[in-house]
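**Q** Residue numbers (the working numbering): 60 to 235.
(1) What residue ranges within the stretch 99-149 form continuous alpha helix (DSSP H) runs of no fewer than 4 residues, ordered along the chain?
(2) Note down the Cα distance separating residue 209 from residue 74, rounded to an integer number of angstroms.
(3) If you check the beta carbons only, do residue 198 and residue 147 fall under 9 Å apart?
(4) Helix or strand or just coil, what does DSSP make of residue 189?
(5) With DSSP collapsed to three states, give me the class of residue 161.
(6) Could you check which residue in 223, 228, 230, 227 has the C-alpha nearest to that of residue 123?
(7) Where do the N-terminal and C-terminal ends of the beta strand (DSSP E) with residue 214 fall, by residue?
(8) Does DSSP put residue 153 in a helix, a strand or coil?
(9) In whole angstroms, give me the CA-to-CA distance for residue 99 and residue 200.
(10) For residue 117 versus residue 184, is the C-beta distance shorter than 9 Å?
(11) Bridge partners for residue 201 per DSSP, in chain order?
(12) Output yes or no for whether 9 Å exceeds the beta carbon distance between residue 64 and residue 97.
(13) Please report the residue range of the beta strand (DSSP E) in which residue 230 lies.
(14) Can you find the residues in the same chain that come closer than 6 Å, C-beta to C-beta, to residue 228, ignoring five residues on each side of it along the sequence?
(15) Out of 204, 91, 69, state which residue places its alpha-carbon closest to the alpha-carbon of residue 142.
(16) Would a C-beta distance cut-off of 9 Å place residue 137 and residue 84 closer than the cut-off?
(17) Using 9 Å as the threshold, is the C-beta distance between residue 189 and residue 155 below it?
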């Protein structure tokens with residue numbers, strides 16, 4: 060069974076050479092996988108809330124779409140249990156555009172007949188990731204002041220799903 064390659068192989072920001080254009084001649088990659096992040100807005104988007112919390116990244120990094128989805132589910136579940144579906148507004152602020160590739164090198168008997176080595180080393184698409192710069196906001200949460208501690212806990216749980224360190228910043232009434 061094919062397994063997902065460890066994210067440490069794709070963590071660093073490097074020059075993106077994974078163009079996916081709407082014009083076929085301009086595409087460097089043949090196909091792009093579907094984004095695993097199901098929803099980018101959760102809770103009540105129309106309601107006015109007193110304060111906002113932001114999950115801000117402390118380093119340049121690439122975060123895969125399955126990590127973003129895991130963080131979204133964890134924080135949304137923690138908020139929805141206590142506040143219901145209308146007591147908050149959670150928004151994922153990044154989109155995984157960057158296509159990740161792998162050059163599969165086989166080892167063992169008969170591998171020389173299958174592998175091209177480094178001659179055709181562009182690689183096949185294995186997933187997508189969001190390219191995140193230092194100081195960029197990953198998730199934002201609008202919430203009332205009485206539920207501030209719950210909001211901090213939810214964003215802390217979400218930050219544990221990512222491969223880097225985060226800061227939770229508090230803002231005033233912000234529309235996003």
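Cβ coordinates follow ideal geometry from the N, Cα and C atoms, glycine included. Given the structure is predicted, the values throughout are model-derived calculations rather than measurements.
**A** Here's the rundown:
(1) 124-142
(2) For this step, residue 209 is matched to residue 150 along the chain shown. For this step, residue 74 is matched to residue 15 along the chain shown. Near 39 Å, if we compare the C-alpha coordinates of residue 74 and residue 209.
(3) Reading the chain shown from its first residue, position 139 is the one you call residue 198. Reading the chain shown from its first residue, position 88 is the one you call residue 147. In this structure, residue 147 does not lie closer than 9 Å to residue 198 by Cβ.
(4) The residue given as residue 189 occupies position 130 in the chain shown. It is a strand residue.
(5) The count along the chain shown starts at 1 and reaches residue 161 at position 102. Strand at residue 161.
(6) Taking the first residue of the chain shown as 1, we reach residue 123 at position 64. That would be 223, whose Cα lies nearest to the Cα of residue 123.
(7) For the purposes of this step, residue 214 is taken as the residue at position 155 of the chain shown. Unbroken run through residue 214 is the alpha helix (DSSP H), 207-218; no beta strand (DSSP E).
(8) Taking the first residue of the chain shown as position 1, residue 153 is located at position 94. Three-state result, residue 153: coil.
(9) Taking the first residue of the chain shown as position 1, residue 99 is located at position 40. Taking the first residue of the chain shown as position 1, residue 200 is located at position 141. Between residue 99 and residue 200, the C-alpha separation is close to 12 Å.
(10) Locating residue 117 in the chain shown gives position 58, counting from the first residue. Locating residue 184 in the chain shown gives position 125, counting from the first residue. For the pair residue 117 and residue 184, the CB atoms are not nearer than the 9 Å cut-off.
(11) Position 142 of the chain shown, counting from 1, holds the residue named residue 201. BP columns for residue 201 point to 111, 148.
(12) Translated into the one-based positions of the chain shown, residue 64 becomes position 5. Translated into the one-based positions of the chain shown, residue 97 becomes position 38. Contact: no.
(13) On the chain shown, position 171 is the one that residue 230 refers to. Taken as a continuous stretch (DSSP letters only), the beta strand (DSSP E) holding residue 230 covers 225-230.
(14) For the purposes of this step, residue 228 is identified with residue 169 of the chain shown, where counting begins at 1. Once the five neighbours on either side are set aside, the close Cβ partners of residue 228 are 113, 115.
(15) On the chain shown, position 83 is the one that residue 142 refers to. Proximity to residue 142 across 204, 91, 69 peaks at 204, based on C-alpha coordinates.
(16) Against the chain shown, residue 137 aligns to sequence position 78. Against the chain shown, residue 84 aligns to sequence position 25. No, these two residues do not count as a Cβ contact at 9 Å.
(17) As a position in the chain shown, residue 189 is number 130, starting the count at 1. As a position in the chain shown, residue 155 is number 96, starting the count at 1. The answer is yes: Cβ separation under 9 Å.
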